[in-house]
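In our numbering, the protein residues as written are 2 to 349. Input: a single structure, listed below in structure tokens.
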């Protein structure tokens, strides 16, 4: 059947793993089912590296039994290559189309280091990347059939924007809680500004799963200031999450994580009508328009982060203007808009 599709990738499921990959795949699968596709899912959230032979046999068996016309591989870059090897082997026999939805921003570096990966990618019928920068990078290394397809969300939330912003500014951090996502940089900046002002002009709430091994360090960080609060894990599958986020004035995203691609949390902030202060790292400048939907600061540069935070304190009227810009920008990333482009490519 033409509409028989298999998705290979991570899903929240019984593992209860929430992250960029699992959220994206769940949104995509739900929409494809809604559109009438006969869908088969091969969930990769289990620790397949512990038993690669068993994983390969299970995957081969499911592909042979289901016999899809198309396979969408949607796995983070760290695990994508082994699955590309496995699926390409069967592709030659069963003659399905292989479509690779790239998650993360490291695949270009992998191609530069290993020519075999370039050949492997060129066996794919189409490769979808979330940023124009990554598309250019792959094209430059000789990888063909690369198509720009931004990250996407499914939402109906419409924030109610107030006409006034007052101090203290309410800031939120929404990501995996670890050093590389810049959490310590954010905390330092907030503490320095509040201490220099002699009053609380910034409060910072943090959301997201705490990385294993970072719990004690993070708890120590929280104790360092009364203006910091950890609010736990929230899911963007629930509209109430956007209602919570819309009550803030600013999102702070000071990442310098090596695997950063197209951070879905930036779009989450836009949906909530909240501008983003992000590090100018990887492809963030493609998503955040400086002084339109937020501000950018030099990655890992505390002084520049402080200066940009001061700018928001001194220009509260700009925050209101940006909020309306963010709501407009979010529409570009709605699944109903993005999936039309995806379907146009996979049905060819």
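For glycine and all other residues, C-beta sits at the position ideal for the given N, C-alpha and C.
Local conformation of residue 7 per DSSP, three classes: On the chain shown, position 6 is the one that residue 7 refers to. In this structure, residue 7 counts as strand in the three-state DSSP scheme.
Cβ distance (whole Å) where residue 71 is taken to contact residue 307 below 8 Å: Stepping through the chain shown from its first residue, residue 71 is reached at position 70. Stepping through the chain shown from its first residue, residue 307 is reached at position 306. Between residue 307 and residue 71 the Cβ distance is about 49 Å, and since that is not below 8 Å, they are no contact.
Counterpart residues of residue 71 in DSSP-defined beta bridges: By one-based count along the chain shown, residue 71 stands at place 70. Per DSSP, 6, 98.
Cut-off 7 Å between Cβ atoms - residues of its own chain near residue 295, not counting five sequence neighbours on either side: Residue numbering aside, residue 295 sits at position 294 when the chain shown is read from its first letter. Cβ neighbours of residue 295 beyond the five flanking positions: 276, 277, 278, 279, 289, 323.
Same chain, Cβ closer than 7 Å to residue 268, neighbours up to 5 away in sequence not counted: To locate residue 268, count along the chain shown from 1; it is residue 267. Only 152, 154, 331, 334 meet the Cβ criterion.
Environment of residue 250 [buried if 16+ CB atoms lie within 10 Å]: Within the chain shown, the letter at position 249 stands for residue 250. Residue 250 comes out buried.
6 Å Cβ shell around residue 253 - same chain, five flanking residues per side excluded: Taking the first residue of the chain shown as position 1, residue 253 is located at position 252. So the list reads 172, 174, 187, 278, once near-sequence residues are dropped.
Host alpha helix (DSSP H) of residue 12 (start-end): Your numbering for residue 12 matches position 11 in the chain shown. That residue, residue 12, is in no alpha helix (DSSP H); it is neither H nor E in DSSP.
Cutoff 8 Å; reference residue 34; Cβ partners in own chain excluding five residues on either side: Here residue 34 refers to the residue found at position 33 when the chain shown is read from its first residue. If we look at residue 34 and ignore the five residues flanking it on each side, its Cβ neighbours are 40.
Rounded distance between the beta-carbons of residue 194 and residue 311, thought under 8 Å: Here residue 311 corresponds to residue number 310 of the chain shown, with the count starting at 1. Here residue 194 corresponds to residue number 193 of the chain shown, with the count starting at 1. Sure, about 7 Å apart at Cβ, within 8 Å.
Under the three-state DSSP convention, the category residue 296 falls into: Taking the first residue of the chain shown as 1, we reach residue 296 at position 295. Residue 296: strand per DSSP, three-state reduction.
Reduced DSSP secondary structure (H/G/I, E/B, other) of residue 252: Sequence index remark: in the chain shown, residue 252 carries index 251 (1-based). Of the three classes helix, strand and coil, the one that applies to residue 252 here is strand, per DSSP.
Environment of residue 79 [buried if 16+ CB atoms lie within 10 Å]: By 1-based counting over the chain shown, the position of residue 79 is 78. Burial call: exposed.
Local conformation of residue 280 per DSSP, three classes: Along the chain shown, one-based indexing puts residue 280 at 279. Strand.
Residue nearest to residue 184 in terms of C-alpha spacing, selected from 258, 20, 121, 89: For the purposes of this step, residue 184 is taken as the residue at position 183 of the chain shown. Comparing Cα positions, the closest option is 258.
Nearest-angstrom beta carbon gap, residue 123 and residue 140 [assumed within contact, 8 Å]: Looking up residue 140 in the chain shown gives position 139. Looking up residue 123 in the chain shown gives position 122. Contact doesn't hold; Cβ gap of about 12 Å is too wide.
Backbone secondary structure at residue 335 - three-state DSSP: By one-based count along the chain shown, residue 335 stands at place 334. Reduced to three states, the DSSP call for residue 335 is strand.
In chain order, each alpha helix (DSSP H) run of at least 4 residues that lies wholly inside the region 96 to 184: 108 to 114, 116 to 123, 133 to 141
Close beta carbons around residue 300, own chain, < 7 Å, minus the five adjacent residues each side: As a first step, residue 300 is located in the chain shown; it is residue number 299 there, counting from the start. Taken in chain order, the residues that qualify are 257, 280, 281, 282.
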